[in-house]
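Trainee:
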Amino acid sequence: AQPALFAYNPGPKTKESALAKALVRFGPATGTRRHRHLTDLARVGVVFSNSCSLSLGLRTILSRFEVVRVRNFYDLQGTNLLGQRWVEVLVIVHDGVAEPHIC
(Lines of atoms letter the chains of each structure in order from A and count residues from 1; the text may use other names and numbers.)
(Lines give C-alpha, C1' and ligand atoms only; values in the text may rest on other atoms or scores of the structure.)
Protein backbone atom coordinates (compact mmCIF):
# COMPACT_ATOMS: atom_id res chain seq x y z
CA ALA A 1 0.00 0.00 0.00
CA GLN A 2 1.07 3.57 -0.64
CA PRO A 3 1.70 6.07 2.13
CA ALA A 4 -0.58 9.08 2.54
CA LEU A 5 -0.83 11.32 -0.50
CA PHE A 6 -0.63 14.48 1.59
CA ALA A 7 -1.58 16.10 4.88
CA TYR A 8 -3.53 19.34 5.13
CA ASN A 9 -3.57 21.70 8.11
CA PRO A 10 -6.51 24.14 7.89
CA GLY A 11 -5.17 26.06 10.89
CA PRO A 12 -6.82 26.42 14.27
CA LYS A 13 -10.52 27.11 14.64
CA THR A 14 -11.05 30.86 15.06
CA LYS A 15 -11.90 32.17 18.50
CA GLU A 16 -15.28 33.39 17.24
CA SER A 17 -16.17 29.96 15.80
CA ALA A 18 -15.05 28.19 18.97
CA LEU A 19 -17.11 30.51 21.19
CA ALA A 20 -20.20 30.06 19.02
CA LYS A 21 -19.89 26.26 18.88
CA ALA A 22 -19.32 25.99 22.63
CA LEU A 23 -22.35 28.16 23.37
CA VAL A 24 -24.75 26.46 20.95
CA ARG A 25 -23.72 22.83 21.47
CA PHE A 26 -22.68 22.74 25.13
CA GLY A 27 -23.80 25.97 26.82
CA PRO A 28 -27.26 24.85 27.96
CA ALA A 29 -25.86 21.82 29.83
CA THR A 30 -22.51 23.03 31.14
CA GLY A 31 -22.68 26.83 31.31
CA THR A 32 -19.30 28.48 31.80
CA ARG A 33 -17.46 25.14 31.46
CA ARG A 34 -18.81 24.59 27.94
CA HIS A 35 -15.42 25.08 26.23
CA ARG A 36 -13.94 21.89 27.73
CA HIS A 37 -16.00 19.84 25.28
CA LEU A 38 -14.46 21.31 22.12
CA THR A 39 -12.24 18.74 20.40
CA ASP A 40 -11.71 20.34 17.00
CA LEU A 41 -9.73 23.47 17.80
CA ALA A 42 -6.73 22.05 15.94
CA ARG A 43 -7.11 19.70 12.98
CA VAL A 44 -5.05 17.93 10.37
CA GLY A 45 -6.42 16.07 7.38
CA VAL A 46 -4.44 13.13 6.02
CA VAL A 47 -5.46 11.98 2.52
CA PHE A 48 -4.98 8.40 1.30
CA SER A 49 -5.44 7.10 -2.24
CA ASN A 50 -7.43 3.98 -1.31
CA SER A 51 -8.93 2.04 1.59
CA CYS A 52 -5.90 -0.23 1.97
CA SER A 53 -3.59 2.77 2.48
CA LEU A 54 -6.14 4.29 4.85
CA SER A 55 -6.20 1.11 6.92
CA LEU A 56 -2.40 1.03 7.20
CA GLY A 57 -2.33 4.73 8.04
CA LEU A 58 -4.89 4.23 10.79
CA ARG A 59 -2.83 1.40 12.27
CA THR A 60 0.20 3.68 12.33
CA ILE A 61 -1.74 6.50 14.02
CA LEU A 62 -3.19 4.09 16.60
CA SER A 63 0.29 2.78 17.44
CA ARG A 64 2.01 6.17 17.72
CA PHE A 65 -0.55 8.43 19.39
CA GLU A 66 -2.77 8.34 22.43
CA VAL A 67 -6.10 7.86 20.64
CA VAL A 68 -9.29 8.55 22.60
CA ARG A 69 -11.89 8.12 19.85
CA VAL A 70 -12.27 6.86 16.30
CA ARG A 71 -15.42 7.73 14.33
CA ASN A 72 -15.88 5.94 11.02
CA PHE A 73 -17.64 7.97 8.34
CA TYR A 74 -16.07 5.91 5.54
CA ASP A 75 -18.95 3.44 5.24
CA LEU A 76 -20.52 3.67 1.78
CA GLN A 77 -24.00 3.75 3.34
CA GLY A 78 -23.00 6.83 5.32
CA THR A 79 -21.68 8.87 2.38
CA ASN A 80 -22.79 12.48 2.63
CA LEU A 81 -24.44 14.41 -0.20
CA LEU A 82 -21.07 15.40 -1.66
CA GLY A 83 -19.81 11.81 -1.69
CA GLN A 84 -17.22 12.47 0.98
CA ARG A 85 -16.06 9.69 3.30
CA TRP A 86 -13.63 10.02 6.18
CA VAL A 87 -12.43 8.60 9.47
CA GLU A 88 -12.14 10.99 12.40
CA VAL A 89 -9.44 10.22 14.96
CA LEU A 90 -9.18 12.19 18.20
CA VAL A 91 -5.79 12.12 19.92
CA ILE A 92 -4.35 13.66 23.06
CA VAL A 93 -1.61 16.18 22.30
CA HIS A 94 1.14 16.42 24.91
CA ASP A 95 4.10 17.88 23.02
CA GLY A 96 4.59 21.62 22.90
CA VAL A 97 1.62 22.52 25.08
CA ALA A 98 1.34 23.56 28.72
CA GLU A 99 -1.66 21.32 29.31
CA PRO A 100 -2.54 18.21 27.26
CA HIS A 101 -5.65 18.55 25.13
CA ILE A 102 -7.72 16.51 22.68
CA CYS A 103 -7.24 17.32 19.03
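If you count by my numbering, then the sequence shown holds residues 39 to 141, one letter each, in order.
Ideal Cβ placement from N, Cα and C applies to all residues, glycine included.
Since the model is a prediction, treat every value here as computed from it, not as a measurement.
1) Please name the residue in L76, P66 and V82 whose C-alpha comes closest to that of P48.
2) For G134, collect the residues of the same chain with a Cβ closer than 6 Å to its Cβ; drop the 5 residues on either side in sequence, then sort them by chain order.
3) In whole angstroms, what separates the C-alpha of A136 from that of L76?
4) Candidates S87, D113 and R74: which alpha carbon is nearest Q40's?
5) Whole-angstrom Cβ separation of V108 and V131, contact assumed at under 8 Å?
6) Return the first residue and the last residue of the alpha helix (DSSP H) that E54 is part of.
Mentor: In brief:
1) V82
2) The beta carbon of G134 sits closer than 6 Å to none of the beta carbons in its chain outside the five residues before and after it.
3) 17 Å
4) S87
5) So it is not a contact: roughly 16 Å between Cβ atoms.
6) K53 to K59
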